[in-house]
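Numbered according to my numbering, the sequence shown spans residues 2 to 244.
By construction, the Cβ of each residue, glycine as well, lies at the ideal position given by its N, Cα and C atoms.
Quick caveat: nothing in here was measured; it's all calculated off a predicted structure.
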Amino acid sequence: MFYHRLAAYYDLIFPPEQNKTAFLHREFAAVGAKRILDLACGTGTYAVELARLGYETWGTDLEPALIELAQIKAADDLPAARFTVGDMREPEVLGLMFDGLFCIGNSLAHLIEINDLKVALAAMRRVLNSPGRAVLQIVNFDRILALGETELPLIEREGLTFARIYRPCGEERLQFDSVLAVNGAGKSAGRFENSVTLRPIRRAELERLLLEAGFTGVRVYGDFKYGEFNEANSQATVVVAEC
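So, in structure tokens, the structure goes:
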């Protein structure tokens, strides 16, 4: 229900960032990619941006309301961008092979069981051609766990705020509380809260699991500008897995 409510504000909270589009384009262009898959695509922002650059893009997400918005974005002038409800653990149901894929926005952390994470990464590898590339991004959980950080930076937009809070809840688990407060922005005012359990995936664990899944090389950055990953300071863990 929360993500259904969030859909109406999603693009206000998470507008497109040029550096992310540029990063994805550079990585996929390096292998001559033509068909790209966006897993846990939200409203399809980056699949749409890549379609505008000439790629054939597909996006899947578990939330139908987000997929509906993605389809609206692409309907008028982007037939190369297609969206459907789907699970990031099951990209093979599309019946297609891809030259590149990406799963960003901390989506992987929602796979709290190690087996689910392994299943997802192995499936990603199976739907990728060689050469191919997967771009993954999560928050830097090494930093959060080491420093005991409890909050991500508050997102403030005209008419709304989006707060994100972490609470320890057992070994290899964090409780992620989010609060969306709306007091305008052309939408109905209100306060919407959600709590979900996440797996705090460390850099070393993600690298190891990608190699076990069949990827042949892994590069790690601290942002989408190719900044060096620093366990203590980087806000994000950005991974490029090659095959």
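Closest Cα partner of residue i within the set the options
i, options, result
"ILE86", "ALA121, THR44 and GLY106", "Note on residue identity: the sequence assigns Val, not Ile, to residue 86. Of ALA121, THR44 and GLY106, the residue nearest in Cα terms is THR44."
"LEU155", "GLY133, ALA182 and PRO132", "ALA182"
"ALA82", "THR61, TYR11, PHE29 and VAL94", "THR61"
"THR162", "ASN141, PHE193 and GLU50", "PHE193"
"ASP72", "TYR47, PRO92 and LEU54", "In the sequence as presented, Asp is not what sits at residue 72; that position holds Gln. Measuring from the Cα of GLN72, the nearest candidate turns out to be TYR47."
"LEU79", "ILE68, ARG90 and ALA52", "ALA52"
"PRO132", "LEU70, VAL241 and ILE68", "VAL241"
"LEU40", "PRO16, ILE68, ALA31 and HIS26", "ILE68"
"LYS35", "GLU28, SER179, ALA121 and GLY55", "GLY55"
"GLU206", "SER179, THR22 and LYS119", "LYS119"
Same chain, Cβ closer than 7 Å to residue i, neighbours up to 5 away in sequence not counted
i, result
"LYS226", "ASN20"
"GLY191", "VAL183"
"ASP88", "LEU63"
"ALA124", "ARG90, GLU91, PRO92 and GLU93"
Sequence-distant residues of the same chain with beta carbon closer than 6 Å to residue i, five excluded per side
i, result
"LEU153", "ARG165"
"HIS26", "LEU54"
"GLY215", "ARG126"
"SER179", "ARG165 and ASN195"
Burial state of residue i (16 or more Cβ within 10 Å)
i, result
"CYS170", "exposed"
"GLY149", "exposed"
"SER235", "buried"
"LEU97", "exposed"
"ILE37", "buried"
"GLU18", "exposed"
"GLY101", "buried"
"ILE115", "exposed"
"VAL94", "exposed"
"GLU229", "exposed"
"PRO16", "exposed"
"GLY223", "buried"
"THR217", "exposed"
Spatial neighbours of residue i in its chain, beta-carbon cut-off 8 Å, leaving aside the 5 residues before and after
i, result
"PHE24", "VAL136, PHE225, LYS226, TYR227 and VAL239"
"ARG144", "GLU150, GLU232, ALA233, ASN234, SER235 and GLN236"
"GLN176", "TYR167, ARG168, PRO169, CYS170, SER196, VAL197, THR198 and LEU199"
"LEU129", "MET98, PHE99, ASP100, GLY101, LEU102, ALA135 and CYS244"
"ASP12", "THR44, THR46 and LEU70"
CB contact below 8 Å: residue i versus chain D
i, result
"PHE230", "Checking the listed chains, one finds no chain D in this structure; it contains a single protein chain."
Anticipated Cβ contact below 8 Å, residue i with residue j, distance rounded
i, j, result
"VAL49", "ALA66", "Between ALA66 and VAL49 the Cβ distance is about 17 Å, and since that is not below 8 Å, they are no contact."
"PRO201", "LEU146", "6 Å"
"GLU213", "VAL221", "Not confirmed; about 16 Å, so no contact."
Quiz item: Looking at C-beta atoms only, is the number of pairs between the region 98-107 and the region 120-136 that lie closer than 8 Å three or more?
Solution: yes
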